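One structure is given below, encoded as structure tokens.
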Amino acid sequence: MTKTSDHFAAAELARLCAAKGVRHAVISPGSRSAPLVIAFTKQPGMQCLQVIDERSAAFFALGMAQQLHAPVALICTSGSAVLNYGPAIAEAFYQRVPLLVVTADRPEEWVDQGEGQAIRQQGVLSLHMKRSVQLPRDAHDELSRWHCGRLINEAMDTTLLPVGGPVHVNVPFQEPLYGTVQQATLPLSDESPQAGRLLHSRLIAPVMTETFILPDHARWLIGQFSACKKVMILAGQGLWSDGMKTLLAKVGSLPQVSVLVEATSNLDDPAFITTIDRVIEGVTEQNENDLKPIS
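What follows is the structure, given as structure tokens:
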């Protein structure tokens, strides 16, 4: 029988991550995050990478999520450790990279009371997060556990839908922090008549839909494109499928089309202009009108 943390929020977070397909977690260990470390390292199917420095850990997770095209969990302890995630989180936000940022926290009652590593942590990274949620500190009954599970489900879905990006889950813990239980016997509370029964949250599966363009709108777009005498396409940073690369190369081979690609776009084809700065340097007052895209 697999063991897990005796803190419901930590155990359920690890279980639902695995159930929704998260297979990798990057952890910067600390005292307050012990329930999360226990839950994720004990979770079957979860590969945990330990990176002590939080700033480095965040960029490790960012790179993993980029390559895997899937959410990666990023876990740290409470206080100023969380703030070190800032640079990588901003990159993930603008690059639309799915990250589930899980931060351990101290009880909310300790904030602004002189307690060490107790900062105003809830929503501290919200400006560059798709969503920030606070899990209950003590999920002691069925209603609070249902609420906890719903928040976890929604947070994880938001890392991917409608577009990818980082989501923050802040989890306050009260001591003791290092207790474990069998997954099948996680208690509700000593006073509950249901003590000893594990109430797993429901796995909420989103309904996936495919993007498409209506035929009439597609014909209108083709007409607009075909009517232009000069077309410039600027490709920035993104995730490009092989099919998209092939189509862009075909479009770029047309005599009226110029495709300019940024260095970070990872697109390379003889039909593309990869040296944008050098091209701009060649623009003068005498030739700038000839180079302007026109319809």
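Count along the sequence shown from 1, then add 10; that gives the number in our numbering. Even for Gly, the Cβ is constructed at its ideal location relative to N, Cα and C. Please read these numbers as outputs of a predicted model, since none were measured by experiment.
Beta carbon of residue i nearer than 9 Å to that of residue j
i	j	result
S38	A91	yes
A145	C158	It is worth fixing the name first, because residue 145 is Leu in this sequence and not Ala. The answer is yes: Cβ separation under 9 Å.
H138	A80	no
A21	L84	no
G133	N180	yes
F70	L59	yes
R147	E185	no
T14	Q57	no
N94	D63	yes
K260	P303	no
G96	L72	no
F183	R42	yes
C86	G124	no
Cβ-based burial, residue i [other Cβ within 10 Å; buried from 16]
i	result
S88	buried
H178	buried
I223	exposed
S202	A caution first: S202 carries a pLDDT of 44, below 50, which makes its placement in the model unreliable, though a value can still be read off. With fewer than 16 other Cβ atoms within 10 Å, it is exposed.
A98	buried
C238	exposed
M74	buried
V111	buried
P108	buried
Q131	buried
S199	Residue placement at S199 is flagged as unreliable, the pLDDT there being 48, under the threshold of 50; a coordinate-derived value is accordingly withheld.
N297	exposed
T113	buried
A67	buried
8 Å CB neighbourhood of residue i in its chain, flanking five on each side removed
i	result
G262	I243, S268, V269, D279, A281 and F282
D226	none
E272	L244, A245, G246, Q247 and I286
Q266	C238, K239, K240 and V241
Contact set for residue i: own chain, Cβ-Cβ below 6 Å, skip 5 residues either direction
i	result
G175	F103, R106 and K140
Y188	A44
R160	none
I214	N163
Q193	T12 and T14
R207	Bear in mind that a pLDDT of 45 at R207, under 50, signals an unreliable position, so the model cannot answer this.
Proximity to residue i [Cα-Cα], best of the options
i	options	result
D115	A228, A128, L72 and E272	A128
P46	L153, K302, Q234 and D16	A small correction: the amino acid at residue 46 is Leu; Pro does not occupy that position in the sequence shown. Among L153, K302, Q234 and D16, the Cα nearest to that of L46 is on D16.
I48	L257, T12 and L153	T12
L277	Q266, V293 and S251	S251
L78	P216, G31 and W230	G31
Any non-hydrogen atom of the ligand MG closer than 8 Å to residue i Cβ
i	result
A44	This structure does not include the ligand MG; it has no bound ligands of any sort.
Cβ shell of residue i (< 7 Å), same chain only, five flanking positions each side left out
i	result
Q76	V107
Discussion item. Closer than 8 Å is the cut-off here; do at least three beta carbon pairs connect the segment 20-29 with the segment 153-171?
Written reply: Short answer: they touch.
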